[in-house]
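Number of protein chains: 2
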Amino acid sequence: MLEFRKRINVSTDLFVVKNLIGSILQGVGLAYLFPVLLVWFYPDQIEYVPYFAIPGMACVLFGAWLSRHSSKVEDVNLRQAMIAAAFTWLFASFVSVVPFMKIANMSFVDSYFESMSAWTGTGLTMMSHLSSYPKILLFWRAWMQWLGGIGIVLVALSILIRPGVAAARLYRAEARSERILPNLVNTSKVIFEIYLALTLVGAYLYYINGMNPFDALTHAMTGLGTGGMSTHDQSIGFFHSPAINAVTIFLMIMGAVNFTVHYKLFKSKSLKPFFEDIQVRYMFIFLIPAIAIIAYSLYQVGDPVGQALQGAIFHAVSAISCTGFQITSLSNYPEVAKFIIAILMVIGGGAGSTAGGIKLIRVTLMYESLKWTIESAILPRGAVIKRKVGNYVFSEEDIQEVMSFTMTYLAFLLFGTVYTMLRVKASLANALFEVASAQGNVGLSVGITSPHMPVDLKILYILLMWIGRLEIFSTLVFIISIAFLLPRVARK
Amino acid sequence: MLEFRKRINVSTDLFVVKNLIGSILQGVGLAYLFPVLLVWFYPDQIEYVPYFAIPGMACVLFGAWLSRHSSKVEDVNLRQAMIAAAFTWLFASFVSVVPFMKIANMSFVDSYFESMSAWTGTGLTMMSHLSSYPKILLFWRAWMQWLGGIGIVLVALSILIRPGVAAARLYRAEARSERILPNLVNTSKVIFEIYLALTLVGAYLYYINGMNPFDALTHAMTGLGTGGMSTHDQSIGFFHSPAINAVTIFLMIMGAVNFTVHYKLFKSKSLKPFFEDIQVRYMFIFLIPAIAIIAYSLYQVGDPVGQALQGAIFHAVSAISCTGFQITSLSNYPEVAKFIIAILMVIGGGAGSTAGGIKLIRVTLMYESLKWTIESAILPRGAVIKRKVGNYVFSEEDIQEVMSFTMTYLAFLLFGTVYTMLRVKASLANALFEVASAQGNVGLSVGITSPHMPVDLKILYILLMWIGRLEIFSTLVFIISIAFLLPRVARK
Ligand SMILES: [K+]
Ligand SMILES: [K+]
Numbered sequence: 017m018l019e020f021r022k023r024i025n026v027s028t029d030l031f032v033v034k035n036l037i038g039s040i041l042q043g044v045g046l047a048y049l050f051p052v053l054l055v056w057f058y059p060d061q062i063e064y065v066p067y068f069a070i071p072g073m074a075c076v077l078f079g080a081w082l083s084r085h086s087s088k089v090e091d092v093n094l095r096q097a098m099i100a101a102a103f104t105w106l107f108a109s110f111v112s113v114v115p116f117m118k119i120a121n122m123s124f125v126d127s128y129f130e131s132m133s134a135w136t137g138t139g140l141t142m143m144s145h146l147s148s149y150p151k152i153l154l155f156w157r158a159w160m161q162w163l164g165g166i167g168i169v170l171v172a173l174s175i176l177i178r179p180g181v182a183a184a185r186l187y188r189a190e191a192r193s194e195r196i197l198p199n200l201v202n203t204s205k206v207i208f209e210i211y212l213a214l215t216l217v218g219a220y221l222y223y224i225n226g227m228n229p230f231d232a233l234t235h236a237m238t239g240l241g242t243g244g245m246s247t248h249d250q251s252i253g254f255f256h257s258p259a260i261n262a263v264t265i266f267l268m269i270m271g272a273v274n275f276t277v278h279y280k281l282f283k284s285k286s287l288k289p290f291f292e293d294i295q296v297r298y299m300f301i302f303l304i305p306a307i308a309i310i311a312y313s314l315y316q317v318g319d320p321v322g323q324a325l326q327g328a329i330f331h332a333v334s335a336i337s338c339t340g341f342q343i344t345s346l347s348n349y350p351e352v353a354k355f356i357i358a359i360l361m362v363i364g365g366g367a368g369s370t371a372g373g374i375k376l377i378r379v380t381l382m383y384e385s386l387k388w389t390i391e392s393a394i395l396p397r398g399a400v401i402k403r404k405v406g407n408y409v410f411s412e413e414d415i416q417e418v419m420s421f422t423m424t425y426l427a428f429l430l431f432g433t434v435y436t437m438l439r440v441k442a443s444l445a446n447a448l449f450e451v452a453s454a455q456g457n458v459g460l461s462v463g464i465t466s467p468h469m470p471v472d473l474k475i476l477y478i479l480l481m482w483i484g485r486l487e488i489f490s491t492l493v494f495i496i497s498i499a500f501l502l503p504r505v506a507r508k
Numbered sequence: 017m018l019e020f021r022k023r024i025n026v027s028t029d030l031f032v033v034k035n036l037i038g039s040i041l042q043g044v045g046l047a048y049l050f051p052v053l054l055v056w057f058y059p060d061q062i063e064y065v066p067y068f069a070i071p072g073m074a075c076v077l078f079g080a081w082l083s084r085h086s087s088k089v090e091d092v093n094l095r096q097a098m099i100a101a102a103f104t105w106l107f108a109s110f111v112s113v114v115p116f117m118k119i120a121n122m123s124f125v126d127s128y129f130e131s132m133s134a135w136t137g138t139g140l141t142m143m144s145h146l147s148s149y150p151k152i153l154l155f156w157r158a159w160m161q162w163l164g165g166i167g168i169v170l171v172a173l174s175i176l177i178r179p180g181v182a183a184a185r186l187y188r189a190e191a192r193s194e195r196i197l198p199n200l201v202n203t204s205k206v207i208f209e210i211y212l213a214l215t216l217v218g219a220y221l222y223y224i225n226g227m228n229p230f231d232a233l234t235h236a237m238t239g240l241g242t243g244g245m246s247t248h249d250q251s252i253g254f255f256h257s258p259a260i261n262a263v264t265i266f267l268m269i270m271g272a273v274n275f276t277v278h279y280k281l282f283k284s285k286s287l288k289p290f291f292e293d294i295q296v297r298y299m300f301i302f303l304i305p306a307i308a309i310i311a312y313s314l315y316q317v318g319d320p321v322g323q324a325l326q327g328a329i330f331h332a333v334s335a336i337s338c339t340g341f342q343i344t345s346l347s348n349y350p351e352v353a354k355f356i357i358a359i360l361m362v363i364g365g366g367a368g369s370t371a372g373g374i375k376l377i378r379v380t381l382m383y384e385s386l387k388w389t390i391e392s393a394i395l396p397r398g399a400v401i402k403r404k405v406g407n408y409v410f411s412e413e414d415i416q417e418v419m420s421f422t423m424t425y426l427a428f429l430l431f432g433t434v435y436t437m438l439r440v441k442a443s444l445a446n447a448l449f450e451v452a453s454a455q456g457n458v459g460l461s462v463g464i465t466s467p468h469m470p471v472d473l474k475i476l477y478i479l480l481m482w483i484g485r486l487e488i489f490s491t492l493v494f495i496i497s498i499a500f501l502l503p504r505v506a507r508k
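Line order of the protein sequences matches chains U and R.
When you line the first sequence up against this note's numbering, it's residues 17 to 508, in that order.
When you line the second sequence up against this note's numbering, it's residues 17 to 508, in that order.
And the structure:
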């Protein structure tokens, strides 16, 4: 830790930070201005326009002023990129609170919770009676989730799946060097177009299955972005439509697949890359027993087989893809179903997708490494074991990184669960469920999250959403950097 | 796996197995004969003597005949030693069922459960109304637990803490080479004498604090052996004595400390090695917040502060030491207290002690390695991080072994918990608690374990007790070896 102190150059870092804040402000500013277009279709929303136009213009102008020297920033190193990513989610959420505070009259903490939940694609909410809110505010949430989804995909492919990290070996092309910006620009355009196209396909499918255009668009955005915020309190359950459920399952799975797989699909015009992807395969390997157990437990408490299966499939996919859409209330689910869903939320979707959690590639590697460990316990010392998954060979260092990440993830999960149990006297199953949902950016809820929960718990969940979204280490690097940087700035 | 097949030499292995069975039979035979001495003090127990004397004599004689060529076995390699250890607990438990079946009229599965629970030092029981059973049967349980305790210490120091395993670096002197037998003989005598002396001290302390001689001896045996089987249904709670609680806490901690520390204490005649031991330190580091949370949760539900603290301290020590003594019923404890106790049971005591669980040294290493991972995420690649705990430097391979073990341990825990929830509709907190207790060889219970539980669950718990006791890999090596060996034997 002490050595780290030497590597910080205050004046360079401050310059980078100023430019970064400028860029974030411009980005959020443009995001603010977009919902104004909704007035074209829904003229009655005009009265809320100032709450978007004013902060939007202010952000753009102030951001442009701050980053007026931006041409001087030539390149960023990995540490700066990690800090920047962590800061972006923290700060963008902060800037985006205005409509929640002004239109919905929510407190700052509630607004920041909502905003963080939206930008991180979590979907837990401080709002109830959703349909009573103006459309423009509901669109604002969906829009942040959609942008946050594509945002994390690009950050994941460029920063989180960094060189030296096991997942990088599977996606070498996207994560070759520490110099990030050139790489990012090359692939991001195509990936963004795929994301946009899939969203429009989703919205069309929703629309022809009976949703109104507004619901169709917002649910396609939060479904593919695996954000999971709905415009109805009952979430997807509001529509009572098996067809809409099926479209949702399709979108959730698409959102939880590494976007380089979509890229390959697009380039090769074949479905082969999808079924060859190791993360996709393991998604189904984990889903099948999970669905069986959830359905069996629902059947045990009296659900008819068909209904039990439908609930099990939908919520299992919603959990592992970290989307958070529901078709029924989960608070009355049997504890074993809650537990299995919580495990799926902890596993999470594919690295390089919009999903959260530990990520399938890491869980797969751990699963495979158990076999290797048993082999090495049986074979005499010195015998060489090939650590292969698919066509990729992994080093012990890769596996150690994966396990360290998992342990850190579980440590935060444990802390959050115990804290929740102490604060609201929740059962273990409920507390674990809710914390796994926040930390995995899922958004499924058994009812602990509400405007009435203690404020310290709200702040804890805000932090867990943030930490989970940036795969922990970025946020820890950020926090430690701040801790070292602040005293220096003060000294200047 | 396939390569492993080549390394099995059927005729050598069969010869070793025959000798091993012979040795176990002689050992269990002698163990059977010892309780007969109880008749000297309690003449009314004479009617039960045949159920010990007959199987005892039979085992000794048959065992001696089987291992009549034993002088030919010169040395065993590590794989054979691991298989032998796994088989010993499985087979000794099988041989020891006679008194349970004949005196207590228990079914074979219940008797095998009781016998495995005793030999593995778990303490979960299929018997209720304990005081209604003959003393000689109660002594038989305590005696198996005591022998099983010293047995696992010797096995741990010689086989489980094997070279290449992280814990071995801390106890290098005891685990230097793959040639086990010479090493074992050297230290085992002194360690056995210490074990015996501590037991007698414990019995004396119990006696002067009001226990009758029989209770004093049996509780000292099962306390130091961290077995936790009592002669009363209410366990230590039966005595309603703070002094007896304190003696028990002392014995439980002694039993959960690596026995090479006791050895050092004995040699140096000072307490320094105790407080310098990294596992002892971390035991207290984990205990303090755990006790605080348990006590707070008991206070929340209405316990007076003193009573809450006493229950928290006793049960936290009972859990982390994997003893399983209770002073009150735990089934009505708040879920957060159950969860914290379950975590302590998963952590477990010191490697090289009579305790179970993941072991303190492994958890300590993981905790420390989180710091190293964060450092390596912050520092530029290539920067060297010293992986030190105390004065010992650990390699990445060590850490990987520890994490693989932990993941395997958690995988079994997860499977057992879900299975329990499905079979008896237990809550998550209760199922996790009971499975952590069985797998960690603890014996605390929230009431799931009983003669009325489904027979498949009994068999699962028997397996978990066995797997947990031998630190998993030995049992997996055993199972895989059997799977490869049997077809070959059949072909001969
Ligand atoms: K979500
Ligand atoms: K025990």
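Just so it is clear, CB atoms sit at the ideal spot from N, CA and C, and this is done for glycine as well.
None of these values were measured; they are calculated from a predicted model.
| Check | Outcome |
| --- | --- |
| Spatial neighbours of G463 of chain R within its chain, please: C-beta separation below 6 Å, excluding the five flanking residues on both sides. | S347 |
| Determine the closest residue to G137 of chain U out of U:I336, U:R95, U:M245, with distance taken between C-alpha atoms. | U:M245 |
| Can you tell me the Cα-Cα spacing of Y220 of chain U and V277 of chain U, whole angstroms? | 23 Å |
| Using only alpha-carbon positions, find the residue among R:H248, R:W156, R:F341, R:S109 that is nearest to G271 of chain R. | R:F341 |
| Just mark S144 of chain U as buried or exposed, buried being the case when its beta carbon has 16 or more other beta carbons within 10 Å. | exposed |
| With a threshold of 8 Å between beta carbons, is I309 of chain U in contact with chain R? | yes |
| Strictly under 8 Å for the Cβ-Cβ distance: is E351 of chain R near chain U by that measure? | yes |
| Tell me which residue opens and which closes the alpha helix (DSSP H) that M143 of chain R is part of. | Where M143 of chain R is concerned, there is no enclosing alpha helix (DSSP H), given that its DSSP letter is neither H nor E. |
| Strictly under 8 Å for the Cβ-Cβ distance: is F355 of chain U near chain R by that measure? | yes |
| Using the C-alpha atoms, what's the distance from K474 of chain R back to E384 of chain R? | 37 Å |
| Which residues, taken in chain order from the segment 312 to 323 of chain U, show a beta carbon closer than 8 Å to some beta carbon of chain R? | Y312, S313, Q316 |
| Shorter than 7 Å, the distance from the beta carbon of G271 of chain U to the closest heavy atom of ligand 1, or not? | no |
| Any beta carbon from chain R within less than 8 Å of T380 of chain U's own beta carbon? | no |
| Looking at the C-beta of Q416 of chain U, does it have a partner C-beta in chain R at a distance below 8 Å? | yes |
| Pick from R:S466, R:S453, R:S461, R:I496: whose alpha carbon is nearest that of L480 of chain R? | R:S453 |
| Quick check on K288 of chain U: does DSSP put it in helix, strand or coil? | helix |
| Rounded to the nearest angstrom, what separates L287 of chain U and L281 of chain U at their Cα positions? | 6 Å |
| On the CB-based measure, 16 or more other CB atoms within 10 Å of its CB, does E209 of chain U come out buried or exposed? | exposed |
| Residues in the segment 426 to 439 of chain U with C-beta within 8 Å of chain R's C-beta atoms, listed in sequence order? | A427, L430, T433, V434, M437, L438 |
| For the candidate residues R:R84, R:N121, R:I207, R:E351, whose alpha-carbon lies nearest to that of L314 of chain R? | R:E351 |
| Taking just the CA atoms, how far does S443 of chain U sit from W81 of chain U? | 51 Å |
| Can you list, in chain order, the residues of its chain whose CB lies under 8 Å from that of A69 of chain R, leaving out five sequence neighbours each side? | Y48, L49, V52 |
| Measure from the C-beta of M469 of chain U to each C-beta in chain R and report whether the shortest distance is under 8 Å. | no |
| Given 8 Å as the limit, is there contact between the segment 488 to 499 of chain U and the segment 417 to 432 of chain U, that is, 3 or more CB pairs closer than that? | yes |
| Nearest by alpha-carbon distance to L170 of chain R: which of R:A232, R:F254, R:M361, R:A101 is it? | R:A101 |
| What are the start and end residues of each continuous alpha helix (DSSP H) run of 4 or more residues lying completely inside the segment 381 to 455 of chain R, in chain order? | 412 to 440, 444 to 455 |
| Report the neighbours of A445 of chain U on chain R: residues whose CB is nearer than 8 Å to its CB, in chain order. | S443, L444, A445 |
| Alpha carbon to alpha carbon, how far is Y477 of chain U from M117 of chain R? Give it in angstroms, no decimals. | 55 Å |
| Could you work out which residues of chain U lie near F275 of chain R, taking near to mean beta carbons separated by less than 8 Å? | In chain order: nothing, as chain U lies at least about 24 Å away. |
| Let's see if you can read the secondary structure: which residues bound the alpha helix (DSSP H) around F124 of chain U? | 124 to 135 |
| Just how far apart, CA to CA, sit S411 of chain U and T389 of chain U? | 13 Å |
| Taking M73 of chain R as the query, report the chain U residues whose CB atoms sit under 9 Å from its CB, ordered along the chain. | Simply none; closest approach about 38 Å. |
| Nearest to L163 of chain R by CA position, among R:T238, R:Y149, R:V111, R:L146, is which residue? | R:T238 |
| Would L154 of chain U pass as a contact of T234 of chain U if the rule is Cβ separation under 8 Å? | yes |
| Which stretch, first to last residue, makes up the alpha helix (DSSP H) that contains K118 of chain U? | 114 to 118 |
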